[in-house]
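In this note's numbering, the protein residues as written are 178 to 281. From the three backbone atoms N, C-alpha and C, an ideal C-beta is built for every residue, glycine too. In what follows, a single structure is set out as structure tokens and then discussed.
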């Protein structure tokens, strides 16, 4: 299982590997690498995906540099954080704490 402490220990822009998919989504959603770093530093893991391949991943709830709630999906090894995607959670789909999907 991934821990937030493990992520924070390597959370620097040069240690974040961004997939092409994630790069496109960040651009479309106006999310910067600084938002990702801040989101991890201020964040908590709200869901684990232990069966993801090739590495387990997790969903983090944190804050962007402009103090907006942000969801970040990452996996990691000892050296790098692999950014899968990030988005600003939609209040129509999430409870007010942005930790629980509506309708669950």
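Problem - Coarse secondary structure for residue 233, derived from DSSP in three states - result: Here residue 233 carries a coil assignment [DSSP, helix/strand/coil].
Practice task
Would you check if the stretch 189-204 and the stretch 225-235 touch, i.e. whether three or more CB-CB distances between them fall below 8 Å?
Solution key: no
Exercise for the section: Compare the C-alpha of residue 242 against each of 213, 255 and 193 and name the closest. Expected result: 213
Problem - Helix, strand or coil at residue 242 [DSSP, three-state] - result: coil
Problem - Nearest candidate by alpha-carbon position, reference residue 215, set 231, 234, 187 and 233 - result: 187
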